[in-house]
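This report concerns only the one structure given below.
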Amino acid sequence: MIGRALFHVRKARALAQFGDGPRAFDDLAKAWALLSDGITTRDPAWTWWVNECELTWHEAMCHAELGDWRHAVDLFWRTVDLCPADKPRGRYIYLAHLLEALVTLRAWGDAESVIDDVFGYVGEVGSARTAALLRKVVEHVERAWPAVPSSFGDVVKDLGQLLARAS
Numbered sequence: 602m603i604g605r606a607l608f609h610v611r612k613a614r615a616l617a618q619f620g621d622g623p624r625a626f627d628d629l630a631k632a633w634a635l636l637s638d639g640i641t642t643r644d645p646a647w648t649w650w651v652n653e654c655e656l657t658w659h660e661a662m663c664h665a666e667l668g669d670w671r672h673a674v675d676l677f678w679r680t681v682d683l684c685p686a687d688k689p690r691g692r693y694i695y696l697a698h699l700l701e702a703l704v705t706l707r708a709w710g711d712a713e714s715v716i717d718d719v720f721g722y723v724g725e726v727g728s729a730r731t732a733a734l735l736r737k738v739v740e741h742v743e744r745a746w747p748a749v750p751s752s753f754g755d756v757v758k759d760l761g762q763l764l765a766r767a768s
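When the sequence shown is numbered by the working numbering, its final residue is 768 and no position is left out of the sequence of numbers.
What follows is the structure, encoded as structure tokens:
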């Protein structure tokens, strides 16, 4: 059943990317229903990672892809809360997406608290995709420069330099 849930998640993401929110969320609801049945002996061993945290992240991504950043932020926060501390790769990815959403909303204060957590993972976790997302966040902040509080702007510059050194 988890394999079918993954099919619905991928379909939902594609629908969201094409702007079809109602159908995307219908497929996400199907994925949630299948996930609630739990992993069974009929599911492949590699489905161990399909859980509430992962599905919440995909739901957040659907909202972000549809431009509903406020709802995405709430779900990204939930994803970070659900991710165990002993899963640094997951936490890094989820924090980076949360940071992107907060910067998109220009929620500088919340973004500043999240960026502090991101720093700890930059050198620890090797993820080209996450580093690329964070570079995009740095560029977004640079484009918004006059509206950015100087303390946050300084931290973002530091993040950009750290990312450059880590690559």
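In this text, a Cβ means the ideal position worked out from N, Cα and C, and glycines have one as well.
All values derive from a computational prediction rather than experimental measurement.
Counted within 10 angstroms of its Cβ, other Cβ atoms place ASP628 as buried (16 or more) or exposed | buried
Count the CB pairs spanning the region 613-621 and the region 636-644 that are closer than 8 angstroms, and state whether there are at least three.
-> no
Where do the N-terminal and C-terminal ends of the alpha helix (DSSP H) with ASP711 fall, by residue?
-> 709-723
For ILE603, which residues of its own chain have a beta-carbon under 6 angstroms away from its beta-carbon, when the five flanking residues on both sides are left out?
-> ILE640, ASP644, THR648 and VAL651
Hey, how far is the Cα of ALA615 from the Cα of MET662?
-> 11 angstroms
Please state whether DSSP places LYS631 in a helix, a strand or coil.
-> helix
Cβ-based neighbour list, GLY761, same chain, cut-off 6 angstroms, excluding 5 preceding and 5 following | VAL739
Do you know how far the Cα of VAL704 is from the Cα of PHE677?
-> 13 angstroms
Report yes if the C-beta distance between GLU713 and VAL756 is below 8 angstroms; otherwise report no.
-> yes
What is the DSSP secondary structure of VAL681, reduced to helix, strand or coil?
-> helix
Between TRP670, TYR695 and GLU653, which lies nearest to VAL681 when the distance is taken from Cα to Cα?
-> TYR695
Inspect the beta-carbon positions of LEU656 and VAL610 and report whether they are closer than 8 angstroms.
-> yes
With 16 as the cutoff for other CB atoms within 10 Å, does GLY691 come out buried or exposed?
-> buried
With SER768 as the anchor, note down where its alpha helix (DSSP H) starts and where it stops.
-> Per DSSP, SER768 belongs to no alpha helix (DSSP H) and is neither H nor E.
Using a Cβ-Cβ cut-off of 7 angstroms (strictly less than) and excluding sequence neighbours within five positions of ALA673, which residues of its own chain qualify?
-> ALA661, HIS664, ALA665 and ALA702
Just list the alpha helix (DSSP H) runs in the region 602-632, keeping only unbroken ones of 4 residues or longer that don't cross its boundaries, in chain order.
-> 603-618
State the DSSP-derived secondary structure class of VAL738, mapped to helix, strand or coil.
-> helix
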